[in-house]
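Going line by line, the protein sequences match chains R and V. Quick note on numbering: our numbering labels position 140 of the first sequence as 154, and the sequence is numbered without any gaps. Quick note on numbering: our numbering labels position 76 of the second sequence as 93, and the sequence is numbered without any gaps. By construction, the Cβ of each residue, glycine as well, lies at the ideal position given by its N, Cα and C atoms.
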Amino acid sequence: MHKISLEECSKLALETGRIMLQSGASTNRVELMMHKVCSGFGYDTAESFVTPTGIFFSLEDGENRISTRIKRIENRRIDLGKISAVSRIVNCLQSPTCEKTIHGESRNASFLKELQNIDKGKPYQAWITNLAGGLTSGFFCLLFGGSWMEFYVAFAIGVLVSFGLKYINRLPVNNFLSSALASALIVILTKSIDYYVPYIRLDNIIIGGIMILVPGLSITNAIRDTMSGDLVSGTARAVEAFIITVGIVAGSGSMLKLWALWGH
Amino acid sequence: MRPWDHLTLMQFAWAFLAIIGFSLRSNLRGWRVFFTGLGGGISWAAYLIILYYTKSMLLSVFLSIILVCIYSEIVARLMDTPVSVFVICVIIPLVPGRSLYYTMRAYLGGNSLEASRHIFNTLMISGTIAIAIAIVASATNLVMRLKHRF
């Protein structure tokens, strides 16, 4: 088998790990995938330590040469599509029968190209994500006992909040502040629409909007990481979930209070 | 509400559509969108049905999360996707966003008794979800290990 150099292999593994961790995969999954990449290219001794904010990775060949790399992960955003795409091509690497052509002499180059394609891959277009936000918010409003009139309002608010979230995520602020801003936006929009549409209850609409922001990813990853023995990243994810939750409550609560103080 | 009538079916449909929106927002594609939606619908419908028979909220949250986690372990293996992708989406209907909101509103209204009741609810539900996910994840690990050994 044509063997690639140590540096090449550790670069590929680190790139795989970076894409997965940035899209919100759980850390033991990232470690597993990086090890699979290395053993797919013929290096079996790899050590990795992955936390939600960084990757430490060290690869060794049989002759006491070691390649160690550290990668700091910033600007994470949830992208489950990328996680499943990367897992698929990494599993392809090991199976001989695969529709994607990661074989032959330059299989590292073609693997890197696949990775770059996935990394550059565009998410859905803006109007689809905005409508999906509306769908989520509107149907959660119905689920918790809203009427059809409230559904329409919640749908509109979901669309507007998804639109606003895109710009909030561009601001250089942390998790806490961005979820606080988003939930404050929900309350402002709901209270303003309340002027023009009669006979709606605001509770269900605001809850529908909040369900968009709920940290389901952090909760799930926190538990799954802790259960697989990664205590550091499990704790980190749990704190992240807590911070996001407090942000949601603080944002919507302070905005509700301000609105009440303003006297309407 | 009777558990098996059209109202439950409507609730199922609404949870289904809401989770489809959620999975589109997190950039899933193809049949995965449909299966996450189905899982979300199942989790909410199972919650309602078990709630009707047992009259206990925490038990129904626990059982429906276990059911839906097993569902996502199976579907994820069929579709060659990481399991957590499915679990993240399908637990969303049961995540206590509603109790959180009521906690905040009661707290703002100065009604601390009500607020502590709701925050207790929130914490208990999130703890139950955590335990249920943990049980299914460890059980699957165990089963997979036994399967590899024999």
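The alpha helix (DSSP H) runs lying completely inside the stretch 126-204 of chain R and spanning 4 residues or more are 140-157, 162-184, given in chain order. With respect to the C-alpha of Gly-148/R, the residue from Glu-164/R, Thr-41/R, Pro-212/R having the closest C-alpha is Glu-164/R. By the criterion of at least three beta-carbon pairs nearer than 8 Å, the stretch 257-265 of chain R is in contact with the stretch 116-129 of chain V.
Taking the Cα of Asn-42/R as reference, the smallest distance to any Cα among Met-241/R, Trp-273/R, Leu-270/R is reached at Met-241/R. The stretch 222-275 of chain R contains no complete beta strand (DSSP E) run of 3 or more residues. By the C-beta criterion, the stretch 129-136 of chain V is judged not to be in contact with the stretch 64-74 of chain V, since fewer than 3 inter-stretch pairs fall below 8 Å. DSSP places Val-104/V in the helix class (H, G or I) of the three-state scheme. With distances taken between CA atoms, Asp-239/R lies nearest to Ile-152/V out of Ile-152/V, Thr-139/V, Phe-52/V, His-23/V. Trp-276/R is classed as exposed because its beta carbon has fewer than 16 other beta carbons within 10 Å across all chains shown.
Runs of alpha helix (DSSP H) with 4 or more residues, each lying fully within the stretch 36-96 of chain R, are found at 41-54, listed in chain order.
Of Trp-162/R, Gly-159/R, Leu-145/R, Leu-156/R, the smallest CA-CA separation from Gly-178/R is found for Leu-145/R. Between the alpha carbons of Glu-131/V and Val-104/R lies a gap of roughly 51 Å. Secondary structure remark: continuous alpha helix (DSSP H) runs of at least 4 residues inside the stretch 82-141 of chain V, in chain order: 100-107, 114-125. Under a criterion of Cβ atoms nearer than 7 Å, the residues of chain V adjacent to Ile-221/R are, in order, Gly-114, Arg-115, Tyr-118.
Taking a Cβ-Cβ threshold of 9 Å, the residues of chain R close to Ile-150/V are Ile-233, Thr-234, Ile-237, Arg-238, Met-241, in chain order. Interface criterion met: the Cβ of Phe-154/R is under 9 Å from a Cβ in chain V. Between the alpha carbons of Val-64/R and Thr-25/V lies a gap of roughly 43 Å. Rounded to whole angstroms, the gap between the alpha carbons of Ser-232/R and Ser-24/R is 28 Å. Rounded to whole angstroms, the gap between the alpha carbons of Trp-21/V and Met-27/V is 11 Å. With contact defined as three or more Cβ pairs closer than 8 Å, the stretch 193-211 of chain R and the stretch 220-234 of chain R are in contact. Within its own chain, the residues whose Cβ lies closer than 8 Å to the Cβ of Pro-113/V, once the five positions on either side in sequence are excluded, are Asn-138, Thr-139, Ile-142, Ser-143, listed in chain order.
Residue burial is scored here from C-beta neighbours: Ser-81/R has at least 16 other C-beta atoms within 10 angstroms and is therefore classed as buried. From the beta-carbon of Asp-93/R, the residues of chain V found nearer than 7 Å are Ser-43, Asn-44.
Interface residue (Cβ-Cβ distance to chain R less than 9 Å): Met-161/V is not classified as such. Residue burial is scored here from C-beta neighbours: Gly-57/V has at least 16 other C-beta atoms within 10 angstroms and is therefore classed as buried. The beta-carbon separation of Ile-142/R and Leu-80/V, rounded to 35 Å, does not stay under the 8 Å limit for a contact. By the beta-carbon neighbour count (other beta carbons within 10 angstroms, threshold 16), Glu-254/R is buried. Under the three-state reduction of DSSP, Asn-44/V is assigned to coil, being neither helix nor strand. Taking 7 Å as the Cβ-Cβ cut-off, the stretch 37-62 of chain R approaches chain V at Ala-39, Ser-40, Arg-43, given in chain order. Interface flag for Pro-137/R against chain V is set, since a Cβ pair is found closer than 9 Å.
Taking each of Thr-157/V, Thr-145/V, Arg-162/V, Phe-167/V in turn and checking the Cα distance to Ser-101/V, the smallest one comes out for Thr-157/V. For the 9 Å CB-CB criterion, Ile-150/V and Cys-86/V form a contact.
C-alpha of Gly-127/V to C-alpha of Arg-115/V: approximately 19 Å in a straight line. Taking Leu-203/R as reference, the option from Leu-191/R, Tyr-181/R, Asn-189/R, Phe-169/R with the minimal CA-CA separation is Phe-169/R. For a cut-off of 8 Å, the C-beta gap from Leu-28/R to Arg-83/R is around 5 Å, short enough to register as a contact. In the three-state reduction of the DSSP assignment, Tyr-210/R falls in the helix class, which pools H, G and I.
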